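Below is one structure; the comments refer to it alone.
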Amino acid sequence: MASKTTAASRQAAAAHGLSPRLLDKLAGLAAENVREGGLRLMGEGGLLAELTRHLMQAAVKAEMDLHLTQEAAAPAAGVPALGATSATATGC
């Protein structure tokens, strides 16, 4: 089977850690569905809109997970972690 992706799209995919084989598979499935008349590429409910929505949701979730993990690992300055004791004596 001939590659459905261009050299430029393969390079872009590789630069972002995507498999060119995955791109070929997606392109093949899209072409098959278009030929069968069951796929819209553009507009409401089209492949591009749904793919964009799905990718954005996954990216936002990954960023939030990263942010929350970093926040849990490094407490805010001036706010002691739960169970921490003060390093200064107040002259009890």
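Once you know that position 73 of the sequence shown is 72 in numbering that gives the first Met the number 0, the rest is easy, because the numbers rise by one and skip nothing.
Heads up, the beta-carbon is just placed ideally off N, CA and C, and yes, glycines get one too.
If you're wondering where the values come from, they're calculated on a predicted model, not measured in any experiment.
Check                                                                                : Outcome
Can you tell me where the alpha helix (DSSP H) holding R52 begins and where it ends? : L46 to A72
Hey, could you find the ends of the alpha helix (DSSP H) E43 is sitting in?          : Segment: none, E43 is in no alpha helix (DSSP H) and carries neither H nor E.
Does the Cβ-Cβ distance between L46 and L38 come in under 8 angstroms?               : yes
In three-state terms, what does DSSP make of E31?                                    : helix
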